[in-house]
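Heads up, the thing below is written out as structure tokens.
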Amino acid sequence: MSDLRLNATQLDRYSRHVIMDEIGPDGQQRLLESAVLVVGAGGLGSPAIQYLAAAGVGRLGIVDDDVVERSNLQRQIVHGDADVGRPKVESAADYVATLNPDIDVDTHETRVTAATVDDLVAEYDIVLDASDNFATRYLLNDHCVLTETPLFHGAIYRFEGQLTSFTNERGGDEPRPCYRCLFPEAPEPGTVPDCATTGVLGVLPGTVGCIQATEAVKYLLGKGDLLEGRLLMYDAMDMTFEEVPIRPNPACPVCGDDPEIESVSDVTYEGTCEIAAD
7 MSDLRLNATQ LDRYSRHVIM DEIGPDGQQR LLESAVLVVG AGGLGSPAIQ YLAAAGVGRL
67 GIVDDDVVER SNLQRQIVHG DADVGRPKVE SAADYVATLN PDIDVDTHET RVTAATVDDL
127 VAEYDIVLDA SDNFATRYLL NDHCVLTETP LFHGAIYRFE GQLTSFTNER GGDEPRPCYR
187 CLFPEAPEPG TVPDCATTGV LGVLPGTVGC IQATEAVKYL LGKGDLLEGR LLMYDAMDMT
247 FEEVPIRPNP ACPVCGDDPE IESVSDVTYE GTCEIAAD
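Numbered according to our numbering, the sequence shown terminates at residue 284, and the numbering increases by one at each position without gaps.
This is the structure:
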């Protein structure tokens with residue numbers, strides 16, 4: 007056993023991890039030394055934050071520029087009725103502090119933009135995309151590809167969810183896909199209604215966000231098979247999971263053979279998130 011630094015309280019708290027051969031004290035220490043940036047403290051971010059904190063991921067960055075509304079509480083479970091009107095990053099940080107005092111939380115009450123993304127992501131090992139808009143998804147994808155930062159994606163709509171993982175490791179024998187390989191451009195504005203318009207099953211983001219956290223923990227531990235190269239689609243009404251392969255696109259503008267995107271400044275992250283015209 008190498009350099010065991012877990013104290014007695016931690017050995018008790020994480021005992022069900024420590025006794026597992028796949029994790030053990032060294033794996034738990036690895037989690038405690040890891041840093042994850044969670045973009046979005048809403049439906050997906052809430053369960054992800056809960057389980058990352060409970061698992062002992064030692065540093066969590068939480069990015070969100072919104073405040074808690076009562077209509078959030080049906081699914082955004084790190085916030086309570088008393089938090090209505092508070093910044094989501096504050097109530098989420100308070101939840102983590104109550105759940106696990108081992109965890110350091112950095113609150114970023116801001117939006118992820120082309121101007122802020124580098125500073126936000128630079129201090130973390132991986133990014134968990136729990137955002138609710140296409141501009142943020144494409145921006146995170148492009149930045150994480152360019153910086154080779156692992157990205158764990160999730161999205162929900164009514165009764166359905168989708169997930170995948172991108173390690174963004176470049177230069178190996180096997181090319182790896184990114185979000186733009188799957189969806190080269192965002193849909194036209196207004197063609198995909200949000201949950202305020204169409205509604206969302208309250209428990210749905212719990213399932214999707216929990217799987218995102220599972221993928222992140224597996225990556226940090228270096229264990230198991232990730233969803234890389236696979237899009238997992240979940241239908242809560244039929245209680246089915248389906249997989250669709252994601253293949254690298256040689257013509258992808260950010261990770262392809264002749265990429266057009268060399269900086270996030272090359273893209274207009276509005277509308278269809280297209281490469282900016284010269």
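Virtual Cβ for every residue (Gly too), placed ideally from N, Cα, C.
Nearest neighbour of residue 216, chosen from 169, 183 and 259 [CA to CA]: As a position in the sequence shown, residue 216 is number 210, starting the count at 1. Nearest option by C-alpha distance: 169.
What residues in its chain sit with their C-beta under 8 Å from that of residue 227, if we drop five residues either side in the sequence? Translated into positions along the sequence shown, residue 227 becomes position 221. 28, 29, 33, 36 and 37.
Relative to the C-alpha of residue 96, which candidate in 70, 247 and 80 has its C-alpha closest? Numbered from its first residue, the sequence shown carries residue 96 at position 90. Ranking 70, 247 and 80 by Cα distance to residue 96 puts 70 first.
With C-beta atoms as the reference, is residue 149 less than 8 Å away from residue 124? Taking the first residue of the sequence shown as position 1, residue 149 is located at position 143. Taking the first residue of the sequence shown as position 1, residue 124 is located at position 118. Contact flag set, yes.
Do residue 25 and residue 59 have their C-beta atoms closer together than 8 Å? By one-based count along the sequence shown, residue 25 stands at place 19. By one-based count along the sequence shown, residue 59 stands at place 53. Taking 8 Å as the Cβ cut-off, residue 25 and residue 59 do not qualify as a contacting pair.
Would you mind reading off the limits of the alpha helix (DSSP H) that contains residue 211? Position 205 of the sequence shown, counting from 1, holds the residue named residue 211. From DSSP, the alpha helix (DSSP H) with residue 211 extends over 210-227.
Nearest-angstrom Cα distance between residue 43 and residue 243? Here residue 43 refers to the residue found at position 37 when the sequence shown is read from its first residue. Here residue 243 refers to the residue found at position 237 when the sequence shown is read from its first residue. For residue 43 and residue 243, the distance between alpha carbons rounds to 31 Å.
Determine the closest residue to residue 165 out of 239, 77, 31 and 266, with distance taken between C-alpha atoms. The residue you call residue 165 lines up with position 159 of the sequence shown. Ranking 239, 77, 31 and 266 by Cα distance to residue 165 puts 239 first.
Can you tell me whether DSSP reads residue 159 as helix, strand or coil? Here residue 159 refers to the residue found at position 153 of the sequence shown. Residue 159 falls in the strand class under three-state DSSP.
Starting from residue 55 and walking both ways along the alpha helix (DSSP H), at which residues does that stretch end? Position 49 of the sequence shown, counting from 1, holds the residue named residue 55. From DSSP, the alpha helix (DSSP H) with residue 55 extends over 51-61.
Going by the beta-carbon positions, is the gap between residue 114 and residue 68 smaller than 8 Å? Within the sequence shown, the letter at position 108 stands for residue 114. Within the sequence shown, the letter at position 62 stands for residue 68. Contact: yes.
Are residue 195 and residue 277 closer than 8 Å when you measure CB to CB? Stepping through the sequence shown from its first residue, residue 195 is reached at position 189. Stepping through the sequence shown from its first residue, residue 277 is reached at position 271. Going by C-beta atoms, residue 195 is nearer than 8 Å to residue 277.
Do residue 138 and residue 46 have their C-beta atoms within less than 8 Å of each other? Residue mapping note: residue 138 aligns to position 132 of the sequence shown, counting from 1. Residue mapping note: residue 46 aligns to position 40 of the sequence shown, counting from 1. For residue 138 and residue 46, yes; Cβs fall inside 8 Å.
Near residue 233, what residues of its chain come up, given a Cβ to Cβ distance below 7 Å and the 5 sequence neighbours on each side ignored? Locating residue 233 in the sequence shown gives position 227, counting from the first residue. Answer for residue 233: 169, 170, 171 and 221, listed in chain order.
Delimiting residues of the alpha helix (DSSP H) encompassing residue 149: To locate residue 149, count along the sequence shown from 1; it is residue 143. Here the alpha helix (DSSP H) through residue 149 covers 140-153.
DSSP three-state call for residue 100: helix, strand or coil? As a working note, residue 100 is residue 94 in the sequence shown. Helix, per DSSP.
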